[in-house]
Amino acid sequence: ALIGIGQAMGIHEGIVAGAILSGAYFGDKMSPLSDTTNLAPAMAGTDLFTHIRYMTYTTFPSIGITLIIFLILGFFNGVPETSVNTGEVLEAIASKFYISGWLFIVPVVVIVLIVKKVAAFPALMIGTLLGAVFALIFQQEVIREVSGYSGEYWKTMFVGVMKALYGKVGVTTSNGMVNELLSSGGMFKMLNTIWLIVSAMMFGGVMEGSSMLKVIARAIMNKIESSGALIASTAGTCVFFNATASDQYLAIVVPGRMYADLYKEKDLAPENLSRTLEDSGTVTSVLVPWNTCGAYHSSVLGVGVLAFAPYCFFNIISPFMTILFGYLNIKIRRLSDKK
Numbered sequence: 006a007l008i009g010i011g012q013a014m015g016i017h018e019g020i021v022a023g024a025i026l027s028g029a030y031f032g033d034k035m036s037p038l039s040d041t042t043n044l045a046p047a048m049a050g051t052d053l054f055t056h057i058r059y060m061t062y063t064t065f066p067s068i069g070i071t072l073i074i075f076l077i078l079g080f081f082n083g084v085p086e087t088s089v090n091t092g093e094v095l096e097a098i099a100s101k102f103y104i105s106g107w108l109f110i111v112p113v114v115v116i117v118l119i120v121k122k123v124a125a126f127p128a129l130m131i132g133t134l135l136g137a138v139f140a141l142i143f144q145q146e147v148i149r150e151v152s153g154y155s156g157e158y159w160k161t162m163f164v165g166v167m168k169a170l171y172g173k174v175g176v177t178t179s180n181g182m183v184n185e186l187l188s189s190g191g192m193f194k195m196l197n198t199i200w201l202i203v204s205a206m207m208f209g210g211v212m213e214g215s216s217m218l219k220v221i222a223r224a225i226m227n228k229i230e231s232s233g234a235l236i237a238s239t240a241g242t243c244v245f246f247n248a249t250a251s252d253q254y255l256a257i258v259v260p261g262r263m264y265a266d267l268y269k270e271k272d273l274a275p276e277n278l279s280r281t282l283e284d285s286g287t288v289t290s291v292l293v294p295w296n297t298c299g300a301y302h303s304s305v306l307g308v309g310v311l312a313f314a315p316y317c318f319f320n321i322i323s324p325f326m327t328i329l330f331g332y333l334n335i336k337i338r339r340l341s342d343k344k
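Take the position in the sequence shown, starting the count at 1, then add 5; the result is the number in this note's numbering.
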């Protein structure tokens, strides 16, 4: 939606995509529902909420700097006179959708489930099903249009909801830009990217199982002397795996296994490792065109990776921030301190 709005306002699509992804990865890192946020502490040997709490030290300065940069870019980006008329857009949306504060119940329920520490899969499933129920209550005309079926009521509703989840759908209004915003390919559109993810996971699994990439990593580990150097090496290894194994999960799992014992030897608590894995492995995956994350986001946004990568400021700043904290010994928890 924001890509379409940015195009209508005459803003470079790379800047808009960079802002979207910077915000998305900030939310992804700090959410207990996120797969990588659960994976990193599991690999490092710490608990989820200690990991999230410890990430705030490096993540909030990174997103703060990012917001300042985008604010400055916003001041220098003039909006042309031909830009979108907000009133027309709101009128077109209101003509099709029932807008009510009751609709906030769905995201509020998901947030409550997060606070209650409900596991990711049931929490997301409940949010999806609740969204479908609210659509059936408040947006029946939209579901009927999406279904393309004019038969029995309940069959029409069922077909509409299912199509919205898996198929190509579109809602027609009086505004062309809104029509483009309200078109989607559902899960079907993402199948090509899913095949790429499956292939990358197979490739990465072979590389990990054969220990080919660990040979290079061991050469790096032998030269580590200080805590700062260890954190910097971990960050570099995560970026290396994102570029070579082509998958975000492997960029977390493999370095996590490799460095876990070394962190203990250096008297570093496991949350130092989990934070570094997230600050480097999670966020830099989007900067690599052949990585599953880079390919996925490029497909969803319709913007090439090389076009938005220079503007993903949060993703670029995060690994440097965690390295800086390591060398300056800021918020570096020791095992001896915990004891």
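Heads up, the beta-carbon is just placed ideally off N, CA and C, and yes, glycines get one too.
Bear in mind the structure is a predicted one, so any value in this text is a computation, not a measurement.
What are the start and end residues of the alpha helix (DSSP H) that includes residue i?
{"i": "Thr-41", "result": "40-49"}
{"i": "Ile-74", "result": "53-80"}
{"i": "Ser-155", "result": "It is not in any alpha helix (DSSP H) - Ser-155 carries neither H nor E in the DSSP assignment."}
{"i": "Ile-322", "result": "318-332"}
{"i": "Ser-215", "result": "From DSSP, Ser-215 is part of no alpha helix (DSSP H); its letter is neither H nor E."}
{"i": "Leu-7", "result": "7-13"}
{"i": "Pro-127", "result": "125-143"}
{"i": "Ala-99", "result": "91-99"}
State yes or no: is the beta carbon of residue i nearer than 9 Å to at least one beta carbon in chain C?
{"i": "Gly-175", "result": "Looking at the structure shown, chain C is missing, and only one protein chain is on hand."}
If you run the structure through DSSP and keep just helix, strand and coil, what is residue i?
{"i": "Val-117", "result": "helix"}
{"i": "Val-203", "result": "helix"}
{"i": "Gly-32", "result": "helix"}
{"i": "Gly-286", "result": "helix"}
{"i": "Leu-235", "result": "helix"}
{"i": "Leu-196", "result": "helix"}
{"i": "Leu-273", "result": "strand"}
{"i": "Trp-107", "result": "helix"}
{"i": "Pro-315", "result": "helix"}
{"i": "Val-293", "result": "coil"}
{"i": "Asp-266", "result": "helix"}
{"i": "His-17", "result": "coil"}
{"i": "Gly-241", "result": "helix"}
{"i": "Asn-180", "result": "coil"}
Could you please give me the residues that DSSP links to residue i through a beta bridge?
{"i": "Arg-338", "result": "The partner list for Arg-338 (beta bridge, DSSP) is empty, contrary to what the question assumes."}
{"i": "Val-174", "result": "Ser-189"}
Are the beta-carbon atoms belonging to residue i and residue j less than 9 Å from one another?
{"i": "Ala-22", "j": "Tyr-301", "result": "no"}
{"i": "Val-166", "j": "Ala-124", "result": "no"}
{"i": "Gly-233", "j": "Gly-331", "result": "yes"}
{"i": "Thr-287", "j": "Val-244", "result": "no"}
{"i": "Val-176", "j": "Val-151", "result": "yes"}
{"i": "Phe-17", "j": "Asn-82", "result": "The residue you asked about is not Phe; residue 17 is His in the sequence shown. Yes, these two residues count as a Cβ contact at 9 Å."}
{"i": "Ala-45", "j": "Ile-257", "result": "yes"}
{"i": "Leu-235", "j": "Leu-273", "result": "yes"}
Beta-carbon within less than 8 Å of residue i's beta-carbon, same chain only, minus the 5 sequence neighbours each way: which residues are those?
{"i": "Ala-240", "result": "Thr-281, Asp-284, Ser-285, Pro-324, Thr-327 and Ile-328"}
{"i": "Gln-144", "result": "Phe-102 and Tyr-103"}
{"i": "Ile-57", "result": "Met-35, Pro-37 and Thr-42"}
Could you name the residues of the same chain whose beta carbon sits closer than 7 Å to that of residue i, not counting the 5 residues immediately before and after it, in chain order?
{"i": "Ile-322", "result": "Ser-67, Ile-70 and Thr-71"}
{"i": "Ala-314", "result": "Leu-292"}
{"i": "Leu-170", "result": "Gly-191 and Met-192"}
{"i": "Val-111", "result": "Gly-132, Leu-135, Gly-136 and Phe-139"}
{"i": "Glu-185", "result": "Gly-9"}
{"i": "Leu-108", "result": "Phe-139 and Phe-143"}
Keeping to the same chain, check which residues put their C-beta closer than 6 Å to that of residue i; ignore five residues upstream and five downstream.
{"i": "Ala-24", "result": "Phe-75"}
{"i": "Gln-253", "result": "Ser-290 and Cys-298"}
{"i": "Leu-59", "result": "Here residue 59 is Tyr; the residue named in the question, Leu, does not match the sequence. Once the five neighbours on either side are set aside, the close Cβ partners of Tyr-59 are Glu-276 and Arg-280."}
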